[in-house]
Each structure stands twice: as structure tokens, then as C-alpha cells.
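Q: Sequential numbering of the sequence shown, starting at 1, is according to the UniProt record's numbering.
For each residue, glycine too, the CB sits at the ideal point set by N, CA and C.
Before anything else, here's the structure in question.
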Amino acid sequence: MSLTRSACRLALTFKLLGRTSLLCEPMSSESTRLLDTKHVGFLGSGQMAQALAKGFLSAGILKGEQVIMADVFSTSSADAHLFEPIKRLQDVYGIEYVQMNDVMAKKSDIIFICVKPHIVRPTLKEISHVFDGKLVISVAAGVTLEQLSQVVLQSTRLIRIMPNTPCLVGAGTAFFACGPSASAEDVLLTKVLCSSIFNVFEEIPETMFDAATGISGCGPAYMYLIVEALTDGGVRIGLPRQLAHKLAVSTMLGSAIMMEKTGENPAKLRGDVCSPGGATIAAIHTLEEGGLRATIMNAVKAAAVRSGELCK
Numbered sequence: 001m002s003l004t005r006s007a008c009r010l011a012l013t014f015k016l017l018g019r020t021s022l023l024c025e026p027m028s029s030e031s032t033r034l035l036d037t038k039h040v041g042f043l044g045s046g047q048m049a050q051a052l053a054k055g056f057l058s059a060g061i062l063k064g065e066q067v068i069m070a071d072v073f074s075t076s077s078a079d080a081h082l083f084e085p086i087k088r089l090q091d092v093y094g095i096e097y098v099q100m101n102d103v104m105a106k107k108s109d110i111i112f113i114c115v116k117p118h119i120v121r122p123t124l125k126e127i128s129h130v131f132d133g134k135l136v137i138s139v140a141a142g143v144t145l146e147q148l149s150q151v152v153l154q155s156t157r158l159i160r161i162m163p164n165t166p167c168l169v170g171a172g173t174a175f176f177a178c179g180p181s182a183s184a185e186d187v188l189l190t191k192v193l194c195s196s197i198f199n200v201f202e203e204i205p206e207t208m209f210d211a212a213t214g215i216s217g218c219g220p221a222y223m224y225l226i227v228e229a230l231t232d233g234g235v236r237i238g239l240p241r242q243l244a245h246k247l248a249v250s251t252m253l254g255s256a257i258m259m260e261k262t263g264e265n266p267a268k269l270r271g272d273v274c275s276p277g278g279a280t281i282a283a284i285h286t287l288e289e290g291g292l293r294a295t296i297m298n299a300v301k302a303a304a305v306r307s308g309e310l311c312k
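In C-alpha cells form, the structure reads like this:
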């Protein structure tokens, strides 16, 4: 099974678990009806914008005619490979695509900012007048609510989201914070949209963004590294690489699901696997001897510190 299929299976499994308090609660039909008359625009059409749009559409939260995507790509041969995934969204769902940011913004009630962080502020500044009174949701890493507020009108309602890359396969985790102008309805609309595609969608103070980024934002890379190391460990002692990889991915998936489903402390679950004098406790001793726990804790701190530096 490929990693992508496995991640999709994890997202589906989470949804079938009956949803514990850690997972997004399903929204009521009354809440979802709030979106019936809304148009949702995307500034930028890269992987994140495509993942969000496709997630909203496939979940039935939005219809194709409610989605407008803006970018500079055209159908010319030079841009064909970049435009192809956008065209698929057009063909399958009937979304609208425009090449003018202000055209998208004028037509939209809710606007997701999905461009590269270094061009967020200059891009918003050019069309800030069009955002007057609209809900603007930024997924740009390292761009704070304060920085966003400096380039838009005061009446613009701002929300900042930090998703992680597994959202590209419907298995994402995200957290968000609201600007001072965001209303209770804005928060509800954002939750209705994003709870349809994120396993966890949690509101936190923006002051916690750097710390949370060190866990969920950067965390997928830690998990990939662990799977890579497990795979290499298997190859080192004679397993075929494909088999070692499959075992490593499935073990990580199963362990995550078991923690989620049982609600048990991971230390307790780990202890359950460690038989006295057995293979697992010997392996755990080696990991502790190598400082794995402290190394991971230090990695989270390093990521948080760097995230804070990037916001300045």
C-alpha cells in the first residue's frame, strides 16, 4: 500500500472511530447552511489551495459554483503543467478560475490566502480595498495577524490557520487564531469549512503558534524520518526494502489509531508492549541510551524558536 493510500486510510479510520474529543466534531446542518449563499475565493492555486478546495467540494460543504480560484497561470504551453490540476477541479466540480486577484476578491465572501509567505503582504496591499468587510483566512506560514492587519483595511476580518502537509491527502491537523475584527459567525464559518477536512482543528492563542508548529507543523517530517529509520533498520538486518517500508508505515498508522481509539497514555501503551526481558524493552533501552526522547524534545524547541524568528 502506498504512503498516500495509507494516509487516506488513516483519515477515514479517524472518521469511523466515533470521534473522540481530540477530533473535530461534526457540524450541524444548520451550521453548514450558513455557507449556502457564500462564495469562497482562493488567492493562489498551489497544492494547499487545491487541497482545501478539493476537500470542501468533496465533503459537500461547497458547490463548484461557490469556489473561485485566482492565479497567474494560463492555458499556454508554458503553464500547462501548472494549470492541469486547476483544470481538473474545473472539469470535475465546475469551479471558476480567474487570473486577476481583485476579480476573485470582489466575487468572494470568504478568501483564503494561499500564496508564498514572502509575497503575502505586497499582494494583499495591492488589493486591500477589495477586502473591505470580508473574511480573510491566511494559511501562510510565518505571517502574523498583526502583519496582515498592517496591509488591509480595519474592517477586514482576519483569521490565521496553520495546517500541516497531510491535509493534502485528507489527514491534516490544523490550529487557528482570530483577529480582533473576526466575529463569532466568522469563527463558526471557518470551523464548518475546515472541520470537514482536518482531523483536528483547534483554536489557540496566536502566542502558542510557534510551539504548536514545532509539534504538528513540523511533526510530519519527524514521523517520516522515523519511518525511514525503521525501514533502513529492517534492510540492515535482511528485510527487502519494500516490505520493511510497508511494515513501518502500517505500524505507525496502527499505533496512532490505537492511541486515538483507546485514549490511553502512550507510556502505558508502550509498557504493554514491553515484556520482561523481551525484545521490545531491549530496543527501548537502546533508544533511551541514545537520547531519543531528549533529541525529539530539543527538535520541537528548535522548530518553535525558528518559527518565531521567521515571523519577525
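Going straight from the alpha carbon of residue 124 to that of residue 140, what length do you get?
A: Going from the Cα of residue 124 to the Cα of residue 140 covers about 12 Å.
Q: Can you tell me which of the three DSSP states residue 43 falls into?
A: Residue 43 falls in the strand class under three-state DSSP.
Q: What separation, rounded to the nearest whole angstrom, lies between the Cα atoms of residue 15 and residue 59?
A: Any reading at residue 15 must be qualified, since the residue scores a pLDDT of 47, below 50, and its modelled position is unreliable; the value itself is stated next. Their backbone Cα atoms lie some 12 Å apart in a straight line.
Q: Suppose contacts are defined by Cβ-Cβ distances below 8 Å. Is residue 182 in contact with residue 161 by that definition?
A: Result no, Cβ atoms of residue 182 and residue 161 do not sit closer than 8 Å.
Q: With which residues is residue 156 paired in a DSSP beta bridge?
A: The partner list for residue 156 (beta bridge, DSSP) is empty, contrary to what the question assumes.
Q: So, does the segment 61–72 touch the segment 32–50, judging by three or more C-beta pairs under 8 Å?
A: Verdict: yes, contact present.
Q: Taking only runs of the alpha helix (DSSP H) that begin and end inside the segment 96–142, which ones reach a length of at least 4 residues, in chain order?
A: DSSP runs (the alpha helix (DSSP H)) wholly in the segment 96–142: 101–107, 117–126.
Q: Compare the C-alpha of residue 112 against each of 257, 281, 242, 131 and name the closest.
A: Nearest C-alpha to residue 112: 131.
Q: With distances taken Cα to Cα, identify the nearest neighbour of residue 85 among 209, 44, 262.
A: If we check each option's Cα against that of residue 85, 44 comes out closest.
Q: Measuring straight from C-alpha to C-alpha, what distance separates residue 206 and residue 137?
A: The alpha-carbon atoms of residue 206 and residue 137 are separated by roughly 14 Å.
Q: Going by CA-CA distance only, name the one from 135, 145, 34 that's closest to residue 121.
A: When each option's Cα is compared against that of residue 121, the closest is 145.
Q: Might you give, ordered along the chain, the residues of its own chain that have their beta carbon closer than 8 Å to the beta carbon of residue 42, omitting 5 neighbours on each side?
A: Excluding sequence neighbours, residue 42 sits near 49, 52, 53, 67, 68, 69, 70, 104, 111, 112, 114.
Q: Who are the Cβ neighbours of residue 73 in its own chain at under 8 Å, not counting the five residues just before and after it?
A: 45, 79, 82, 83, 86, 99, listed in sequence order.
Q: What does the Cβ neighbour count give for residue 17, buried or exposed, with the cut at 16 atoms within 10 Å?
A: Below a pLDDT of 50, predicted positions are generally treated as unreliable, and residue 17, at 44, falls in that range; no measurement from the model is reported.
Q: Exposed or buried, which one is residue 186 when buried takes at least 16 other CB atoms within 10 Å?
A: When all chains shown are included, residue 186 counts as buried.
Q: May I have the straight-line CA-CA distance separating residue 7 from residue 258, to the nearest angstrom?
A: The predicted model places residue 7 with a pLDDT of 46, which falls under 50 and marks its position as unreliable, so this point remains unresolved.
Q: Do residue 231 and residue 248 come within 8 Å of each other at the CB atom, strictly closer than that value?
A: Yes, the pair counts as a contact, with Cβ atoms nearer than the cut-off.
Q: In chain order, what residues of the same chain have a beta carbon less than 6 Å from the beta carbon of residue 155, not counting five sequence neighbours either side?
A: Result list for residue 155: 132, 133, in chain order.
Q: Note down the Cα distance separating residue 158 from residue 292, rounded to an integer number of angstroms.
A: Distance between the alpha carbons of residue 158 and residue 292: 39 Å.
Q: Rounded to the nearest angstrom, how far is the Cβ of residue 198 from that of residue 163, given a contact under 8 Å?
A: Confirmed, Cβ separation roughly 7 Å.
Q: Measuring CA to CA, which of 65, 214, 127, 55 is closest to residue 37?
A: Closest by alpha carbon: 65.
Q: What is the C-beta distance between residue 190 and residue 176, in whole angstroms, given that I count them as a contact (C-beta under 8 Å)?
A: Their Cβ separation, rounded to whole angstroms, is 7 Å, which keeps residue 190 and residue 176 in contact under 8 Å.
Q: Terminal residues of the continuous alpha helix (DSSP H) containing residue 73?
A: Taken as a continuous stretch (DSSP letters only), residue 73 belongs to no alpha helix (DSSP H), as it is neither H nor E.
Q: On the DSSP letters alone, give me the boundaries of the alpha helix (DSSP H) that residue 298 sits inside.
A: Its alpha helix (DSSP H) spans residues 292–310.
Q: Leaving out the 5 sequence neighbours to the left and right, which residues in its chain are closer than 7 Å to residue 310 when beta-carbon positions are compared?
A: Only 142 meet the Cβ criterion.
Q: What number of angstroms, rounded off, separates the C-alpha of residue 282 from the C-alpha of residue 169?
A: If you take the alpha carbons of residue 282 and residue 169, they lie about 36 Å apart.
Q: Hey, quick one: how far does the alpha helix (DSSP H) through residue 227 stretch, first residue to last?
A: Looking at the DSSP string, the run of the alpha helix (DSSP H) that includes residue 227 is 219–236.
Q: The beta strand (DSSP E) with residue 170 in it runs from where to where?
A: From DSSP, residue 170 is part of no beta strand (DSSP E); its letter is neither H nor E.
Q: Leaving out the 5 sequence neighbours to the left and right, which residues in its chain are closer than 6 Å to residue 117 when beta-carbon positions are compared?
A: Closer than 6 Å at Cβ, skipping near neighbours: 140, 141, 142, 143.
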